[in-house]
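Structure record follows, encoded as C-alpha cells.
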Amino acid sequence: MLSAQRVAQSILPPTQTSMEFELMMRHPISYPTLVPAEAAHVDLEQLLSPSVSLSGSRPGTEMYGLPPTLSYICWKGPDVRDRRRPADVSGVTSGDLPPVYCDERLRKLDISKWTRVSVSNDFAARAISLYLETDHPVLGLFDADLFLDNLVTVKLAFCSPLLTSALLAWACEAYSYFEPEAAALSYLFYDEAKALWQAELENNPDKPTLTAVAASQLLSIAASCHGNDIDALALLREGCEVGVKMGLFGVPKEKSAEIWVDHVPEWIRATTHTAWGVFSWVTFRSLHFHRGQIESPPCLPRPGDRRSWDGIHWSVGSEKGIQSDKNQYHSLLPFMGGAFTEMCGLWVIAHEIIWAYYDGSDFVAPTNRAHIEHAQELYLKLLHWADNLPIGLVRGDQMPHHVAIAHIYYHAVVIDLFRPFVGGPQRNYRLAGFSSEQSTPAAVYAASVNQLKRLVLLYRTRYPSAHFTFLWHTALLYVANAMISADPAEEGDPGSLLVWFRLCLAGYLDLLPSFRVVEGIVQGLLSMAMRKGIMSATEATEARASLHRKSAARKLPSHIGRPDTGFKPECMLDLHLAMKDPLAARAETVAQQFNELVMFLEFTNVEDKDYEEEHGDYQGHEGSEGYGGHGYETGRSHDKGKGKERMDYRSQQGPSTGSWTNTGDEEEEEEEDDEEDIQGVTGQAADVMADGLDERMEGMEVMVDGVDERVEEDEIGD
C-alpha cells in the first residue's frame, strides 16, 4: 500500500561511515543534510496526483500539506491569481487586473512592429515577461536589458523579428498553462521564425548576427517540446555552426569574437551573453542527446562575473573600454539572479564529460569510453565548483527557482558522470581523496540521486513554475530512471520505488498541458516501468488513459491546419540502457514498445490464472524454468490485498524464484542481458507458449484479438 510513511523513510539520514555522510559534512553546499520529511505532514494522494490548475491559490505549503520548515520556499513575486487572467490574444485586454510585467519597458511594446501573427500587445508582453522571469535566468541566450531596450524602441542591433518570433514560439508553450489558446500560437510563431531563420541562412550566410544565433536555440527548444527532435537537432546544429563562424565558441582565442566586438560596451555585453548562453544550453542538450556539438568553450569573459573580466584587454581602446568601468560590461537585470553566471562554470566541466563519453554522435556505448580515473578527476572539479558558489546560490528557504534548477543540473551531471560505472565491475572502485571506505561510484551516484529526489519533491511543492517551465523536467527524468533501474533488494522497501516513480509521473502530467513532448516521455517511462516490474500492465494502461485525457484537452484548433506528425524525439529516455545501447534507449524507440509490453503482460497474467486454477497459487516452481527460462522473468509476487501483479522482465539462468528480483552472484551477469531489445516481444511471447503450451495456442489467438479490441476501445474512449 502506498503511504506517506514511505516518502519519509525513503530519504533517511545516512550512517556516519557512509560516503553520503562524508559528502554532507565536507561539501554541504552540493550535498546539504536531508532532514526527513514528517509523514504526518505529507498528503501523499494529493502529492501523487497531477494538479488540474492553480485554482487561484499559490502552490506552496497549503497545496500539499507540507510544513513551511520542511523545504525551501521561494515564491516572492505577485500572487498567482495575478496571472490567472492573461490578455485576450485577439487584441482586447482582459481588463480587471493591471498587467504584471517583469520590466516596465514592456508597457511600451508594439508587437505589430515585429511579427505578422495577430496578438495583442498585452498578450505578447505577458508571454515575454513570463519567459524572462522563468526561463531566461537559466538560459541566458541574450542580454535581456539590451533586448528589451531594442524591442520597445524598434531597433535592430539586439532585437530582430527572428528573435522575437522565436522567443514567443517558446514562451507561448509555457504561457498556454494560463491561456490554452497560446498553444496554437506557439506553432504560428514557430513557423514564422523558422521561415525567417531559413532566409537568414540563405540570404546572409556571410553576415551572421547574434540575434540569429540566440533565436536558433529558442526555436530548437520549441521544436523539441513540440515533439519534433528532428527539427530541434537541425536547428541546434545550424545555430552552433553560425556561432563558430562568429567566433563565439569552438575556436582558439586568436579567432574568437573579441577581434570584432571592439571596445563598445553594448556589443561586448551582447556577445558574451550569447556566446556563453548558447554554449551552456547546447552542452546541456548534449547530455540528453549523447552527442557533442561544440568542441571548445568560449574564450570570452562570463556575463555577470566580475572575476572573469580581470585583466581583459580588447584589441582596441583598452583605456576607454573595459578598464574604465567594468560594471557596464557584466551588469544583469534583477530577475536574472546569479545562477546563469555560475552555471557557465558547471557546463565547462560537463563539456569535458560529453566529449569523453559521447564524442560526436557515433553512438559508441559510453561504457566503452569512460575511464574511472578521468571520472574521479572531473568529480573533484565538480565538488570544487559547488564549494565555491556564492551565498546566493546556496540551497535555502528563500532560494529562487533558478537556483533550484542549478542544483538539479549539478546532480544530473554527477549522475551522468558515474552512470557508466554503476552497472559494471568498477561499481565499487575506491575513489581517492575520501576517508569513507564506501567512497565508490555507486555511493556517489546514490547520494546524488537522493539529493535529486528531494529536489523533485521540493520543486513540485514549492514552485509555481513546476507547471510551466520544462527546464526542471531533468529532475523528473533522472529520478524516474533511477527508480526503474534500482535494485528493490537494496531499497529496504521496494514500494518506495513506485512512490517516487509516481511522483515523477505526476510532475510530468502537470507539464503536459503546456508541452506536447510530455506525452511521449511518459509513455516511454511507463514502458520501462512495466519492463522492469515497477508497474503492472493494468497500472500502466490506467496511467496512459489519464495521460490521453489530459492530452486531449490540449488539441490544437482546426484552423491551425497542422497535421499530427507523431512523437519523434531523439533524446535518450532509458538512461541506463543508453550506457550499452544508445540507439535502443532513444525516447521514440522506448515509447513504441508500450502496446507490445501490455499485450505480453496481459497474456502471461491470463496464463498464470489458468495455472493457479489447475495447480494452486503460482510461486515459481523449484527445479523448473517457469517463464523465466524463456528470456523474460515474470517475477510474480501476487499481492492478495490489491489483486495486482508485479512483473520483472529479467533474463534468468536458473529456476524462477517468484520474487521481484534475483539475488546472488548471478545478478551482475543477468544485468548484462537486462536491456535486450524487446521489439520482438510479441514473437518471444509466442515462443514461451510453444514450449509445452501448444494446446493453448488457439486460446492465445483469441486473447490477443481481445487485447487488440480493448486497446482500440481504450484509444477511442480516450
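Under numbering that gives the first Met the number 0, residues 0 to 717 are what the sequence shown spells out, in order.
No residue lacks a Cβ here, since even glycine has one placed at the ideal position from N, Cα and C.
The DSSP-derived three-state label of Arg-368 is coil. An exposed status is given to Pro-251, since fewer than 16 other beta-carbon atoms sit within 10 Å of its beta-carbon. Across the structure, Ser-535 and Tyr-507 are spaced so that their CA atoms are roughly 20 Å apart. Going by beta carbons, Glu-587 and Gly-519 fall inside the 9 Å limit. Take Ala-485, set aside five residues on each side of it, and the residues of its chain with a beta-carbon closer than 7 Å to its own are Leu-496, in chain order. Taken in chain order, the unbroken stretches of alpha helix (DSSP H) that lie wholly in the region 106-140 and span 4 residues or more are 120-133, 135-138.
Only exposed fits Trp-259, as fewer than 16 other CB atoms lie within 10 angstroms of its CB. Met-571 carries a strand assignment under DSSP once its states are collapsed to helix, strand and coil. The straight-line gap separating the alpha-carbon atoms of Thr-163 and Ser-464 is approximately 22 Å.
Residue state for Arg-501 is assigned as helix, using DSSP reduced to three classes. Rounded to whole angstroms, the gap between the alpha carbons of Ala-143 and Arg-268 is 10 Å.
Within the same chain, Cβ atoms closer than 6 Å to the Cβ of Gly-249 are found at Val-243, Ile-293, Glu-294, Ser-295, the five residues on either side in sequence being excluded. Contact between the region 441-461 and the region 109-127 is absent, with fewer than three C-beta pairs closer than 8 Å.
Between the region 576-591 and the region 519-531 there are three or more inter-stretch CB-CB distances shorter than 8 Å, so the stretches are counted as touching. When DSSP reads this structure, Arg-426 sits in no beta bridge, so it has no partner. The continuous alpha helix (DSSP H) containing Phe-283 extends over residues 264-288. DSSP, read as helix, strand or coil, puts Arg-515 in coil.
Annotation for Arg-115: Glu-191 place their beta carbon closer than 8 Å to its own, counting only its chain and skipping 5 residues before and after. Your pair Ala-364 and Met-578 checks out as a contact, with CB atoms roughly 6 Å apart and the cut at 8 Å. Arg-548 is not bridged by DSSP to any residue. Inter-residue distance for Gly-246 and Pro-389 is about 30 Å (C-alpha atoms, whole angstroms). At the C-beta level, Ala-405 and Met-342 come within 9 Å of one another. Taking the Cα of Ala-156 as reference, the smallest distance to any Cα among Pro-207, Ile-127, Leu-200 is reached at Pro-207. Tyr-189: member of the alpha helix (DSSP H) spanning 181-202, first to last residue. Apart from the 5 residues on each side of it in sequence, Trp-384 sits with its Cβ closer than 7 Å to the Cβ of Gly-344, Leu-345, Ile-348 in its chain, given in chain order.
When DSSP states are grouped into helix, strand and coil, Arg-530 belongs to the helix group.
Of the other Cβ atoms in all chains shown, 16 or more fall within 10 Å of the Cβ of Thr-439; this residue is therefore buried. Counting every other CB atom within 10 Å of its CB across the protein chains shown gives Lys-193 a total of 16 or more, marking it as buried. Only exposed fits Asp-205, as fewer than 16 other CB atoms lie within 10 angstroms of its CB. With contacts defined as CB atoms closer than 9 Å, Asp-304 and Thr-340 qualify as a contacting pair. CA-to-CA, the gap between Ser-128 and Cys-101 works out to about 5 Å. Contact annotation: Phe-433 and Met-18 have beta-carbon atoms nearer than 9 Å. In the structure shown, Arg-301 adopts coil according to DSSP, grouped into three states.
The alpha carbon of Pro-31 has as its nearest neighbour, out of Ala-446, Ala-221, Leu-161, the alpha carbon of Ala-446.
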